[in-house]
Amino acid sequence: MPQNDRGSLWNAVRAAEHLSDRFLWGAHASISLGDLARGTSLGGRVEELRGRSVLVATGDQLTAALALVELDGIARRLVLCPPDVPSEHVPFVIATAAVDALVCDRATPEATARSVGSVVACSPRIVATDSERSGRLETEWILLTSGTTGLPKLVVHTLASLAGAIKGRGPQASAPVWSTFYDIRRYGGLQILLRALLGGGSLVLSSAQESTGDFLIRAGAHGVSHISGTPSHWRRALMSPSAHSIAPHYVRLSGEIADQAIVDRLLTSYPEARTAHAFASTEAGVAFEVGDGLAGFPASLLVQRDADVEMKVEDGSLRIRSARTATRYLGSQDGTIADRDGFVDTGDMVELRGDRYHFVGRRGGIINVGGLKIHPEEVEAVINCHPNVRMSLVRTRKNPITGALVVADVVLKAEADPANGRAAEVESEILQLCREALPRHKVPAAISFVPTLAVAPTGKVIRRNA
Amino acid sequence: MRVNTMSVRSNVISQLEQVAKEQNKRLAPLTDELVLLNSGLDSLCLAIIVARLEDVLGIDPFSAAEDADFPVTVGDFIRFYEDAAK
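If you're matching them up, the sequences are chains W and V in order.
The working numbering applies: residue 2 is where the first sequence begins, and numbers increase by one.
The working numbering applies: residue 12 is where the second sequence begins, and numbers increase by one.
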C-alpha cells in the first residue's frame, strides 16, 4: 500500500479500532496505544521538532518506538541511532544527516545528549495533550549500516518503502502479539515494530540489559504469537531453559543465512508454529519469505510475474527491484543504491542446486557474525599496524552458533618469520591491538601465519566470495 | 574419530575457562547443572569455544546432529561432545 493512502504512521495506527487493547511492552514500562491517542511521550514539545532532522538517540527501545510513532509526518528526518553505535561516530552521523534536534531519554549517553543544541526528552510517562498530531511531511527514515571504513552508512527510507511488505490484518484473524530479539533501531526489528503497529497488534520489545531467558519468559507472559530473530538469536533461544515459555503461531528468521539445521530445530521445537525465513536487507528491503521448511529459496521466485518484488541473479549475486528498496545513501558522493534499471545488488552470493538457490556468502568477503556485518578491510587495517606484519587477509569461518566468525591469515615480514620463535608473541600482540581498536565481534577468533597471500594484478589481496 | 570421554570433558572445560578469560567474562563455578546461558559466556564466546573444540577434537556436534536438542546445561554441552566423539 503506498504511503499516500495511509498518511503518517500515527494516522495509520489511529485508524484501527481497539487502540486501548493494544500495547507496546518494554522491559521496564509499557504504553497502550489508547494512551498515546490522548497524550504525548515528548512532554508537549512536538512542535519544536516539526520540519527538523531529528536524531532519535534514546537508550530504551520503548521511548524510541514512541518517538517514531509521534514524529513520522512531523519531522523532516528521523535518524535511528542504535545504542551500540560508538560515541565517536555520533558526530559523523549528526553532520551527515544535518541533524538539528535530538530526542533522548534517561539512558542516552551524556556525550550524545550534549552534541546537538535542541534536545527533547522522551518518556513513557504520557502527558495529556489536546493538540492534534498532524503531520503531512513524507519523513525520511535514516537507518545505519556498517561501512567499509568502520563509519556507519546512512540509508534513506520512507514509511512507504519500510512498510511495503506489510499487509493489513484480515477481519477474522485475532490481534497478533509480535516480538523480536532485534533492536527496533535495526531494519529487522523496525519491520516488526511496523508490523505490530500497522497490522493491528501489540509488541513485546527486547532489551539489551535482559537475558535471553528472561526475555522469553516476558514474551510468553504477554502471549506472544509472532516472533522474529536472526538464526543466531534463535540458536541462543533454543539453548535456554525458557525456550518453551513461548508458544508462537509464527516464527520468523531473517538477517543471516538460515541453514537447514536451524530451520529443522525450530520446526521441532515449535511444532504448532508456521516457521519461515525471510530475505531482507537494510538497502534492498524485504524481498521474500520462504515457508516450506527448507533452506534456500525456490528458483521459481525469480520468474514470478506481477510480483511486488522482482529478482534476478547476476554475477552470482541476488539483485532486487521493488518499491521497498532504500532510496539512497546520505553523505556519499554517489549516493545511489539501485543500478540504472532500479535493481539493488544485495551482495549476497547464491548458488543454484537443483531447483533451489542457496546463499553461499557475501561479495567482498563481508562477514556476518550473529547478524553484525564486518568489512574485512577495517580489521586488516588494524592488523597491518603491527610492525612485524607485511600483509593480512581477514576472512569468514563458518560457525554453528553465530553463523560465522572472523579469522585472519597473516604474512609476517622476513625478520619476524614465525620460524624464529616470535610467532606466539606477535599473535598475542596483534590480538591486543585488535581488542583495543575494535568491538569484540570484529577481533579475529584465530590467527594463522601464512607464507604468502594471493595478490591480484591490481595489487589487492584476492578474496574468495564466500 | 575416537577420543576417550575423559579427554573430551577436560578439553571442553579447559576451553570454557580459556575463552572466558580471553573475553574478560566472569565464568560461574562450572557444574553439570549450570545453565550455559547463565555461565557468563555470551554467544560470541560459545561460538569461539565451538570453533576451538572443532580444531582440537575434530568434531562439531552442532552442525552434525540433526535430531539432538541443543544443549542447555554445561553437562548437556559436555555430553553433546562426548556422544559425537563416540
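We put the beta carbon where it would ideally sit given N, CA and C, even for glycine.
Is there a Cβ from chain W that is less than 8 Å from the Cβ of V/S54?
The sequence position of residue 54 of chain V within the second sequence is 43, counting from 1. The Cβ of V/S54 sits closer than 8 Å to at least one Cβ of chain W.
Q | Residue-level contact to chain W via CB, V/F91, 8 Å cutoff | A | Here residue 91 of chain V is taken as the residue at index 80 of the second sequence, counted from 1. Among the CB atoms of chain W, none fall inside 8 Å of the CB of V/F91.
Q) Counting contacts by CB-CB distance shorter than 8 Å, is V/Q26 in contact with chain W? A) Numbered from 1 along the second sequence, position 15 holds the residue referred to as residue 26 of chain V. Cβ-Cβ to chain W under 8 Å: no for V/Q26.
Practice item. State buried or exposed for W/V128, treating a residue as buried only when at least 16 other CB atoms are found within 10 Å of its CB. Key: Residue mapping note: residue 128 of chain W aligns to position 127 of the first sequence, counting from 1. W/V128 is exposed by the Cβ-count criterion.
Looking at chain V, is there any beta carbon in it that lies within less than 8 Å of the beta carbon of W/H442?
Taking the first sequence and counting its residues from 1, one reaches residue 442 of chain W at position 441. So yes, W/H442 belongs to the interface.
So W/A274 packs on W/E290, CB below 8 Å; how close in whole Å? On the first sequence, position 273 is the one that residue 274 of chain W refers to. On the first sequence, position 289 is the one that residue 290 of chain W refers to. Going by Cβ atoms, the distance from W/A274 to W/E290 rounds to 14 Å, so no, they are not a contact pair.
#### Entry: Closer than 8 Å to chain V by CB, W/T403
Within the first sequence, numbered from 1, the residue matching residue 403 of chain W stands at position 402. At least one chain V Cβ lies under 8 Å of W/T403.
- request: Output yes if chain W places a C-beta closer than 8 Å to the C-beta of V/I59; else output no.
  value: Taking the first residue of the second sequence as 1, we reach residue 59 of chain V at position 48. The beta carbon of V/I59 falls within 8 Å of a beta carbon belonging to chain W, placing the residue at that interface.
Worksheet entry | Cutoff 8 Å: V/S74 Cβ touching any chain W Cβ | Here residue 74 of chain V refers to the residue found at position 63 when the second sequence is read from its first residue. Answer yes: the Cβ-Cβ gap between V/S74 and chain W drops below 8 Å somewhere.
- [ ] Indicate whether the contact test is met: 3 or more Cβ pairs, each with one atom in the region 396-406 of chain W and one in the region 103-123 of chain W, closer than 8 Å.
- [x] Because the criterion of three Cβ pairs below 8 Å is not met, the region 396-406 of chain W and the region 103-123 of chain W do not touch.
Please work out which residues of its chain come closer than 6 Å, Cβ to Cβ, to W/R297, disregarding the five sequence neighbours upstream and downstream, and give them in chain order. One-based indexing of the first sequence puts residue 297 of chain W at position 296. Arg is not the amino acid found at residue 297 of chain W; the sequence shown has Gly there. Setting aside the 5 residues that flank it on each side, W/G297 is surrounded in the same chain by R357, Y358, H359, each with a C-beta closer than 6 Å to its C-beta; the list follows chain order.
*Residue range of the alpha helix (DSSP H) that includes W/N12*: Taking the first residue of the first sequence as 1, we reach residue 12 of chain W at position 11. Counting along the chain, the unbroken alpha helix (DSSP H) around W/N12 starts and ends at 10-15.
field: W/S282 versus W/Y251, W/E311, W/T146, residue with shortest Cα-Cα distance
entry: Locating residue 282 of chain W in the first sequence gives position 281, where the first residue counts as 1. Taking only the C-alpha atoms, the option nearest W/S282 is W/T146.
**Study point:** Whole beta strand (DSSP E) elements within the region 391-429 of chain W, 3-residue minimum
**Key:** Qualifying beta strand (DSSP E) stretches, in chain order: 404-413.
Quiz item: Can you find a CB in chain W that lies within less than 8 Å of the CB of V/A31?
Solution: Translated into positions along the second sequence, residue 31 of chain V becomes position 20. With 8 Å as the cut-off, V/A31 does not count as an interface residue toward chain W.
- prompt: By Cβ distance below 8 Å, which residues in the same chain neighbour W/E49 in space, the five residues on each side in sequence not counted?
  reply: Sequence index remark: in the first sequence, residue 49 of chain W carries index 48 (1-based). Close CB contacts of W/E49 within its chain, under the 8 Å cut and outside five residues either way in sequence, are with A102, S119, V121 (chain order).
If distances are taken between C-alpha atoms only, which option among W/D346, W/F450, W/I384, W/K399 comes closest to W/D410? As a working mapping, residue 410 of chain W is identified with position 409 in the first sequence. Selected option, being the one with the closest Cα: W/F450.
Worksheet item: Where W/E139 and W/T109 are concerned, what is the direct C-alpha to C-alpha distance, given to the nearest angstrom?
Response: In the first sequence, counting from the first residue as 1, residue 139 of chain W sits at position 138. In the first sequence, counting from the first residue as 1, residue 109 of chain W sits at position 108. Rounded to the nearest angstrom, the two C-alpha atoms are 27 Å apart.
* Hey, W/G200 and W/G169 are a contact pair by Cβ (cut 8 Å); roughly how many whole angstroms apart? -> Locating residue 200 of chain W in the first sequence gives position 199, where the first residue counts as 1. Locating residue 169 of chain W in the first sequence gives position 168, where the first residue counts as 1. Indeed, because the Cβ distance is near 7 Å, the residues count as touching under 8 Å.
V/V85 to W/S246, Cα distance in whole Å? Locating residue 85 of chain V in the second sequence gives position 74, counting from the first residue. Locating residue 246 of chain W in the first sequence gives position 245, counting from the first residue. Take the alpha-carbon of V/V85 and the one of W/S246: they are about 21 Å apart.
Assuming W/C386 is part of the beta strand (DSSP E), what are its boundary residues?
Taking the first residue of the first sequence as position 1, residue 386 of chain W is located at position 385. No beta strand (DSSP E) holds W/C386; DSSP gives it neither H nor E.
Next item on the list: Give the DSSP-derived three-state secondary structure of W/D73 in the structure shown.
Entry: Locating residue 73 of chain W in the first sequence gives position 72, counting from the first residue. If DSSP states are grouped into helix, strand and coil, W/D73 belongs with coil.
Notebook entry, point to check: For chain B, is any of its Cβ atoms less than 8 Å away from the one on V/T42?
Noted result: The structure shown contains no chain B; the protein chains it does contain are W and V.
With 8 Å set as the bound, which would you pick, yes or no: does the beta-carbon of W/L406 sit closer than that to a beta-carbon of chain V? For the purposes of this step, residue 406 of chain W is taken as the residue at position 405 of the first sequence. By this cut-off, W/L406 is an interface position.
With a cut-off of 8 Å, does the C-beta of V/P82 fall near any C-beta of chain W? In the second sequence, counting from the first residue as 1, residue 82 of chain V sits at position 71. Closer than 8 Å to the CB of V/P82 there is at least one CB belonging to chain W.
Next item on the list: Check each candidate in W/A17, W/C123, W/T64 and name the one with the smallest Cα separation from W/W26.
Entry: Stepping through the first sequence from its first residue, residue 26 of chain W is reached at position 25. W/W26 has its Cα closest to that of W/T64, out of W/A17, W/C123, W/T64.
Between V/A62 and chain W, is the shortest Cβ-Cβ distance under 8 Å, so that the two count as touching? Here the question's residue 62 of chain V lines up with position 51 in the second sequence. Yes - at least one Cβ of chain W is within 8 Å of the one on V/A62.
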